Amino acid sequence: MLHLLRQRPGRRIQDIAEEFSITVGGTSKVVDRLEAAGLCERRANPDDRRSSIVELTPEGRKLVDGAVKVFEEELELRIGSVIPEQSVRELTSVLGTLRAAGRALDAERKAAGQTPVLGARAPKPPGRPAS
């Protein structure tokens, strides 16, 4: 959640909930905990007085920046050393496409008055037969 707030600041609780396909109530509880820890804060939404905007505090930004650095170093060590850079770029692109398709499907369902399926997972593919 902190990473999302770093990448796309100015999110409402509703926006965060939709991003993670979790309930607004659950998202609000997480934000409450992060806010109590001094990592984020709510401020009035200038476009809608019924909602607030969640933003990282300087302490939250520092924590996320450090975590991203460690994550990227570890990712490079574990993946970059065994998979060619072009393959990593292709994988990143495919994952981005899948994420965008999921968001589009949720938006279509919402526009049609359907509730997006929260926390639903695709069925597991059958195991590969033993060679």
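Going by numbering that gives the first Met the number 0, the residue at position 73 of the sequence shown is 72; the numbering climbs one at a time, nothing skipped. From the three backbone atoms N, C-alpha and C, an ideal C-beta is built for every residue, glycine too. All values reported here derive from a predicted model rather than from experimental measurement.
Item to check | Beta-bridge partners of residue 43, as assigned by DSSP | outcome: Partner residues in the beta bridge of residue 43, as assigned by DSSP, are 51.
Checklist entry - Whose C-alpha, out of 9, 20, 33 and 87, is nearest the C-alpha of residue 50? => result Out of 9, 20, 33 and 87, the CA that lies nearest to the CA of residue 50 is found in 9.
Checklist entry - Going by the beta-carbon positions, is the gap between residue 5 and residue 63 smaller than 7 angstroms? => result The answer is yes: Cβ separation under 7 angstroms.
Item to check | Boundaries of the alpha helix (DSSP H) in which residue 57 is found, first to last residue | outcome: Element bounds for residue 57: 57-74.
Checklist entry - Counting Cβ pairs closer than 8 angstroms, one from the region 37-47 and one from the region 56-72, do we hit at least three? => result A contact between stretches requires three or more CB pairs, one per stretch, nearer than 8 angstroms, and the region 37-47 meets this requirement with the region 56-72.
Item to check | Assigned exposure category for residue 17 - 16 Cβ within 10 Å defines buried | outcome: It counts as buried.
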